[in-house]
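Each step along the sequence shown adds one to the number in numbering that gives the first Met the number 0, with nothing skipped, and position 148 is 147. The C-beta atom is built at its ideal place from N, Cα and C for all residues, glycine as well.
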Amino acid sequence: MPLPKNEYLSDSWKDGIFANKVVFCTGGAGTICSAQVRALVHLGANACIIGRNVEKTERVAQDIATARPGAKVIGIGSVDVRKLDALQQAVERCVKELGAIDFVIAGAAGNFLASIEQLSANAFKSVMDIDVIGSYNTLKATLPYLRESGDKHKMDNKTMQPSPIGTGGRIIFVSATIHYRGMPFQTHVSVAKAGIDALSHSVALEYGPRGITSNIIAPGPIAQTEVSSEFSFKGSANRNSKGFERLLPSDALEAYIKGQPLGRLGHVRDIADATVYLFSDTGSYVTGQTLVVDGANWRMSAGG
Ligand code: HXC
């Protein structure tokens, strides 16, 4: 006999599933994170995005707010995730203006292609500081509010039913796949992302009992990101925006895409969909995991 609908399928995928939820996102003005936040806002959340550039962060916040009539989206620029006190001030402003923090996306990252010989000790440290220390600082600053949200929204242990007011107390760390086997010219990022993964796993174990889930989204090659623009550069001097020599031939992109298992790059929507899943009721029993959204890119590379 088939099970009644509410026992095999969460009633999640509809407008308003994130009503009364607040998302706090670092790196929120970037290509991937802004798409993640936009999807959550579209489905009912309010949001606070954090960035280093004031003008860009405020402009992206205003743009995200158009995803849903009545949405509140704050953009707080000039916040460097390497500075805990600056993040804590941003968190306080978010809670004051939006009332809570239920979901966190730790997305701020630094990246460039460089050989180990090109990479100064300070360049290596800069990426470690932005990625690992920045993710830790994001967690540290938001944890009191994630705990409050987790306490409010925990599943009822007896009935195993989700709270009628939905899910809460969730964090997603945006990582990568390059550290699974190592990556030339990405040593700094590989080391940093491995650290982020370890951070997320530990949070899942330590704060699961407080109703908090912690997961990693590992995007593969996503079109329109700054990293993919390193591949797609055509027609000018072989240097990036900071004047460092590009390490890949300018016509490499087409061949690279053709060689992918799905024959395409990822779209930011692929990452946004994964985010909605992990923050929804549907994802409420998923924690301590990595959701790789890469069209099997890294498996193909591992076998090649
Ligand atoms: C070699 C470089 C470099 C390059 C910077 N440096 N760019 N070295 N090749 N292309 C060196 C500088 O010379 C300096 O070292 C040190 O790095 C710090 O650089 P600054 O610009 O002074 O500092 P900072 O503002 O901290 O810059 C951080 C940054 C920068 C990471 C270096 O690129 C940045 O701000 N990036 C943020 C935007 C970004 O990268 N987004 C992409 C995220 S996507 P010296 O020795 O000269 O002092 C992503 C996905 C990862 O991360 C997925 C992987 C596949």
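What's the C-alpha gap between residue i and residue j?
i      : j      : result
Phe123 : Val188 : 8 angstroms
Glu54  : Ala64  : 16 angstroms
Asp14  : Leu39  : 10 angstroms
Asp101 : Asp280 : 13 angstroms
Asp128 : Ala251 : 31 angstroms
Glu96  : Arg209 : 25 angstroms
Lys313 : Gly294 : Absent from the structure is residue 313, since the part of the chain shown begins at 0 and ends at 303.
Asn19  : Leu264 : 34 angstroms
Met299 : Ser283 : 30 angstroms
Met182 : Phe17  : 37 angstroms
Asp150 : Ile215 : 22 angstroms
Ala254 : His266 : 18 angstroms
Leu290 : Leu261 : 17 angstroms
Val126 : Gly109 : 5 angstroms
Phe111 : Val103 : 25 angstroms
Lys139 : Ile170 : 12 angstroms
Leu118 : Phe184 : 9 angstroms
Ser213 : Asn121 : 30 angstroms
Arg37  : Ala66  : 6 angstroms
Arg81  : Ser174 : 17 angstroms
Arg92  : Gly133 : 19 angstroms
Asn52  : Asp79  : 9 angstroms
His41  : Ala191 : 31 angstroms
Thr141 : Arg58  : 24 angstroms
Ala34  : Ile270 : 8 angstroms
Ile115 : Asp130 : 18 angstroms
Phe172 : Ser199 : 7 angstroms
Gly27  : Thr137 : 12 angstroms
Ile49  : Thr25  : 5 angstroms
Ala113 : Ser201 : 30 angstroms
Tyr135 : Gln259 : 33 angstroms
Leu145 : Gly43  : 18 angstroms
Thr224 : Ala197 : 25 angstroms
Cys387 : Ala70  : With the chain covering only 0 through 303, there is no way to say anything about residue 387.
Pro218 : Gly98  : 31 angstroms
Asp306 : Asp84  : Because the chain spans 0 through 303 in this model, residue 306 falls outside it and cannot be assessed.
Ile221 : Pro143 : 33 angstroms
Return the bridge partner residues of residue i from the DSSP annotation.
i      : result
Arg169 : Phe102 and Thr212
Thr289 : Ile215
Val72  : Ala46
Thr25  : Ile49 and Ala105
Ile221 : Gly265
Report whether the distance from the Cβ of residue i to the nearest heavy atom of the ligand HXC is below 6 angstroms.
i      : result
Gly109 : yes
Ile115 : no
Ala295 : no
Ile221 : no
Ala122 : yes
Ser119 : yes
Val292 : no
Val188 : yes
Ser125 : yes
Ile215 : no
Ala34  : no
Ala193 : no
Ala175 : yes
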